Structures are given as structure tokens and as C-alpha cells.
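Numbering (my numbering), first residue to last: 25 to 426.
Have a look at this one:
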């Protein structure tokens, strides 16, 4: 996904990026040991929280064309690709939870997404940004954003019927085919997909999302090309991005020659890999990959979990937390629970969302701030669509396990 400002914005300012990626090297900060203001065992109505989050989004971010402005402040006149597909993802989770009224939002935003597709290039691919009315598609094309879009559409495929169902599958396949034909995989660093069309770096999250999409497309179409690409991406990630000392995946490789490995560990990078391994175990009928997913989940809960505040860190060098990238850890834990029924995973999933509710949620309008300290201090002023989307999604997913 294109982290619109992932890490770069990290230090106080919302940078003008448009991708689900991380921006610059974060500055190490140690959070103070404050007792979290939460009562253990407090009952949470996650479905109601999801509805409240969606209400904030509709009232503050939805446009007349069913796209979503990037945020309420500095980027209020822009629509970003991965922000919009993340909201489709959130609405799909609501439909899966029995709230069928959200189908209209999901399907209308899917139609809006066509404005971002490159119609001048036979290979297609989504651009990063458009104006609020859908005009002016531009910016670079991001591998992670396009891969995430495909995964989102395949979830929508699962919960729709008829022409809508086939449209979601067709566009997911188009996203996968763009990845294959984009020219963004080469032999630099022994393989791997670049983050975007500028070819600045090769990150874990970019490649982990392509792995997920190729696996899902293979399972649905039976086309061996997707299986072969999944195996290739998996082999590269294992060889180049896995840190055996911590049991976690590193951030990225960039630079000349053999490249420089940036060894910071991000919650969402590793959450993406947990989900990829679970898919691999099922689709490739290889139980060893479920074990890999479980071991990676345990490593996350050892190195990326703040035991004082009971929540996932954004990364190993940043003291503030973000609703999208940190909530991703909860999705990984839910997927692990669904795979092996170990209730311990759900404890982490719930506590992490509870912490984000304490730290990042505005109690007046029920929207979520871009970044905040674990204790709720040092909040950003921005309220990003993508953050609302991921909180709505995880709240909807958790509502099934209350």
C-alpha cells in the first residue's frame, strides 16, 4: 500500500507523500512508564465502535463522487488510492459482520477507483492520487498499493454476487497482472519488487502484499503463473529480509551495489508476512507455513508489543502509534486465531485496538488522529481516511469474537 507518509511524517509533520510506505529513518524515543488508563476486562461493543467510526468518515471525509478526501486538514482536496481501497476493505468487513447496508458504500467507491486506473498504458495499474471529482489521476504507481487493492477486491469478491462479484475478481486479476508486467521486479539485490515506479527501494511490506495477492489469485484461478510468482517472492523475502536473530522481517533494502539493509522492524510489515504465511499454508497445502506464521506472531508479541500500554509499536524506533499501521497487527492476530483457534492471539488483537481507542480517538467526534503517544499525548492534528478505515475494519472483525 502506499503509505502516504508512513515513516517520514513520523516526526511531527505530515509529509506530502501518497503511499502506504514508510518515509525516512525514524528517531528513537523511549515512552515513559505510565500506567495505562484502562480497566481490565471492560466490555467493548466493537460493532458499535465500527459504526461510529464510519459515521465520522461519512460526515467528514466522503465526497459526492464516493471517493474519500485524504484527511481533514492538509490534504483535504486529494484522494489517495490506498486510502480509498482501505475504506472499501473496512466496508467489506462490515458486510461480512452482517451489516449489508455498507455494500452501497463499498461498490460505489469501487466504481470511483476506476478514475485512478491508467487507461493509456495497456498494462494498466493504479496511480497514487486523483482530485476529489476523480480527475487528474497522477503520481507514481506503487506496487504495495496495487497489491493491497487486489487483496481488498478479493475480499469484496467473497461477499458479493453476480456482476459485482465478477467485476471485483477481474480488477484484482488486473492488479496482479500489472505487478507481473510492471518491470518493477529485477535482479538488483537478487530480486524483489521495488516500492514504486521510481525504484527507490525494495521493502518487506511491498513484497509481502504481492505474495498475498499472487497466492489468492492462484487459489481462485488455478493459473500457474501466480503460483510461480508467489514462490519467487517468498524465496526472496526469506533470503533477503528475514532477520534470524529476532525472528522478524526488516524494513527495506536500498542503495548501490549489494544495497543497505535497514533493520528497523515495523508492526505492519510483520503482520503482512503473518497473513501471507497463513495463506501459503492453506493454498499450497504446506503446514510448515502455519508454523512459520505462528513463530512470526510470537516474535511480534515479544519484540513489537508494548507490555506497559498493551499495544503494538509502529516500529522499533518510534514512540508514537498510528491507527492504520499498528491496527494491522490486530488483523494478523485475528488471522492466527482463525487458523489455529488459540485464544491468546485474540487477546493481543483486542488489547491493541483498545489502546488505539485510548490514545488516538477523539472522544467528541469519534475520529482517530494520525499519530499519538501510547498515553494519548503528542497527538497529530491530522485525521486521515486510512486511519478511520483500518479502525473501522478491525472493530468490525473483532465484533465476531465478543
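From the three backbone atoms N, C-alpha and C, an ideal C-beta is built for every residue, glycine too.
Values in this document were obtained by computation on a predicted structure and should not be read as measured data.
Determine the direct distance from the alpha carbon of residue 329 to that of residue 217, and round the result to whole angstroms. One-based indexing of the chain shown puts residue 217 at position 193. One-based indexing of the chain shown puts residue 329 at position 305. Here the C-alpha atom of residue 217 lies approximately 28 Å from the C-alpha atom of residue 329.
So, with DSSP's three-state summary, where would you put residue 80? On the chain shown, position 56 is the one that residue 80 refers to. Assignment of residue 80 by DSSP, reduced to helix, strand and coil, places it in the helix class.
In the DSSP output, which residue or residues are listed as bridge partners for residue 199? The residue given as residue 199 occupies position 175 in the chain shown. Per DSSP, none; premise fails for residue 199.
In terms of DSSP beta bridges, what is residue 385 paired with? Taking the chain shown and counting its residues from 1, the one referred to as residue 385 is at position 361. Partner(s): 392.
Considering only the alpha carbon of each residue, which of 270, 257 and 198 lies closest to residue 147? Working through the chain shown from its first residue, we reach residue 147 at position 123. Closest option to residue 147, Cα to Cα, is 198.
Grab the span of the alpha helix (DSSP H) containing residue 431 for me, first residue to last. What is shown of the chain runs 25 to 426, which leaves residue 431 out entirely.
Proximity winner among 134, 207, 165 and 162, relative to residue 193 (alpha-carbon distances): Within the chain shown, residue 193 is the residue found at index 169, counting from 1. Among 134, 207, 165 and 162, the Cα nearest to that of residue 193 belongs to 134.
Identify which residue in 140, 290, 258 and 181 has its Cα closest to the Cα of residue 170. Your numbering for residue 170 matches position 146 in the chain shown. Among 140, 290, 258 and 181, the Cα nearest to that of residue 170 belongs to 140.
Is it right to say residue 299 is buried, meaning 16 or more other beta carbons lie within 10 angstroms of its own, or is it exposed? By 1-based counting over the chain shown, the position of residue 299 is 275. Burial check for residue 299: the Cβ neighbour count within 10 Å reaches 16 or more, so the residue is buried.
Hey, quick one: how far does the beta strand (DSSP E) through residue 358 stretch, first residue to last? Within the chain shown, the letter at position 334 stands for residue 358. No beta strand (DSSP E) contains residue 358, which is instead part of the alpha helix (DSSP H) from 347–364.
Helix, strand or coil: how does DSSP classify residue 95 here? Taking the chain shown and counting its residues from 1, the one referred to as residue 95 is at position 71. Three-state DSSP puts residue 95 in a strand.
Assumed close pair residue 73, residue 419 - CB separation to whole angstroms, cut-off 8 Å: Here the question's residue 73 lines up with position 49 in the chain shown. Here the question's residue 419 lines up with position 395 in the chain shown. Confirmed, about 4 Å.
Which ranges would you report for the beta strand (DSSP E) in the segment 109–160 if only whole runs of at least 3 residues count? Complete beta strand (DSSP E) runs here, min 3: 153–155.
Cut-off 8 Å between Cβ atoms - residues of its own chain near residue 56, not counting five sequence neighbours on either side: To locate residue 56, count along the chain shown from 1; it is residue 32. Because the pLDDT of residue 56 is 31, which lies under 50, any placement of that residue in the model is unreliable, and the number read from its coordinates should be weighed accordingly. Beyond the five residues adjoining it in sequence on each side, residue 56 comes within less than 8 Å, by CB distance, of 399 in the same chain, given in chain order.
Can you say whether residue 186 is buried or exposed, counting buried as having 16 or more other CB atoms within 10 angstroms of its CB? As a position in the chain shown, residue 186 is number 162, starting the count at 1. So residue 186 counts as exposed.
Let me know if residue 210 comes out buried or exposed under the rule of 16 or more other beta-carbons within 10 Å of its beta-carbon. Taking the first residue of the chain shown as position 1, residue 210 is located at position 186. By the C-beta density criterion, residue 210 is exposed, having fewer than 16 other C-beta atoms within 10 angstroms.
Relative to the C-alpha of residue 109, which candidate in 167, 144, 70 and 173 has its C-alpha closest? Here the question's residue 109 lines up with position 85 in the chain shown. Per the Cα distances, 173.
Can you tell which of 91, 158, 159 and 277 has its C-alpha closest to the C-alpha of residue 215? Here residue 215 refers to the residue found at position 191 when the chain shown is read from its first residue. Nearest to residue 215 by C-alpha distance, out of 91, 158, 159 and 277, is 277.
Simplified DSSP state of residue 329, which is helix, strand or coil: Within the chain shown, numbered from 1, the residue matching residue 329 stands at position 305. Shown here, residue 329 sits in a strand according to DSSP, grouped into three states.
Can you say whether residue 331 is buried or exposed, counting buried as having 16 or more other CB atoms within 10 angstroms of its CB? On the chain shown, position 307 is the one that residue 331 refers to. By the neighbour-count definition (other C-beta atoms within 10 Å, threshold 16), residue 331 is an exposed residue.
Buried or exposed, going by whether 16 or more other CB atoms sit within 10 Å of the CB of residue 252? By one-based count along the chain shown, residue 252 stands at place 228. Counting Cβ neighbours within 10 Å, residue 252 comes out exposed, since fewer than 16 surround it.
Per DSSP, residue 227 is paired with what? Translated into positions along the chain shown, residue 227 becomes position 203. By DSSP's assignment, residue 227 forms a beta bridge with 276.
Sequence-distant residues of the same chain with beta carbon closer than 8 Å to residue 163, five excluded per side: Residue numbering aside, residue 163 sits at position 139 when the chain shown is read from its first letter. Around residue 163: 42, 151, 152 and 153.
Assign residue 190 to one of two classes, buried (16 or more other C-beta atoms within 10 Å of its C-beta) or exposed (fewer than that). Taking the chain shown and counting its residues from 1, one reaches residue 190 at position 166. Looking at its Cβ environment, which holds fewer than 16 other Cβ atoms inside 10 Å, residue 190 is exposed.
Quick one: is residue 254 buried, meaning 16 or more other Cβ sit within 10 Å of its Cβ, or exposed? The residue given as residue 254 occupies position 230 in the chain shown. So residue 254 counts as buried.
Taking Cβ to Cβ, would you say residue 166 is nearer than 9 Å to residue 202? Looking up residue 166 in the chain shown gives position 142. Looking up residue 202 in the chain shown gives position 178. Cβ distance not < 9 Å, so residue 166 and residue 202 don't count as in contact.
Residues that DSSP places opposite residue 107 in a beta bridge: Counting from 1 along the chain shown, the entry for residue 107 is found at position 83. Beta-bridge partners of residue 107 (DSSP): none assigned.
For residue 192, name the three-state secondary structure that DSSP assigns. Within the chain shown, residue 192 is the residue found at index 168, counting from 1. DSSP places residue 192 in the helix class (H, G or I) of the three-state scheme.
State the beta-bridge partners of residue 165 as determined by DSSP. Stepping through the chain shown from its first residue, residue 165 is reached at position 141. The partner list for residue 165 (beta bridge, DSSP) is empty, contrary to what the question assumes.
Is it the case that the Cβ atoms of residue 102 and residue 93 are separated by a distance below 9 Å? In the chain shown, residue 102 corresponds to position 78, counting from 1. In the chain shown, residue 93 corresponds to position 69, counting from 1. Cβ atoms of residue 102 and residue 93: closer than 9 Å.
Residue 334 (DSSP reduced to helix, strand or coil): Translated into positions along the chain shown, residue 334 becomes position 310. Here residue 334 sits in coil by DSSP.
Cβ shell of residue 237 (< 6 Å), same chain only, five flanking positions each side left out: Numbered from 1 along the chain shown, position 213 holds the residue referred to as residue 237. So the list reads 171, 174, 175 and 200, once near-sequence residues are dropped.
My assumption, with CB atoms under 8 Å, is that residue 395 sits in contact with residue 346. Please give the rounded CB distance. Here residue 395 corresponds to residue number 371 of the chain shown, with the count starting at 1. Here residue 346 corresponds to residue number 322 of the chain shown, with the count starting at 1. With a contact defined as Cβ atoms closer than 8 Å, residue 395 and residue 346 qualify at about 5 Å.
According to DSSP, is residue 211 helix, strand or coil? Here residue 211 refers to the residue found at position 187 of the chain shown. In the three-state DSSP reduction, residue 211 falls in the coil class, being neither helix nor strand.
Grouping DSSP H, G and I as helix and E and B as strand, with all else coil, what is residue 186? Position 162 of the chain shown holds residue 186. Helix, per DSSP.
Does the beta-carbon of residue 305 have 16 or more other beta-carbons within 10 angstroms, so that it is buried, or is it exposed? Counted from its first residue, the chain shown places residue 305 at position 281. So residue 305 counts as buried.
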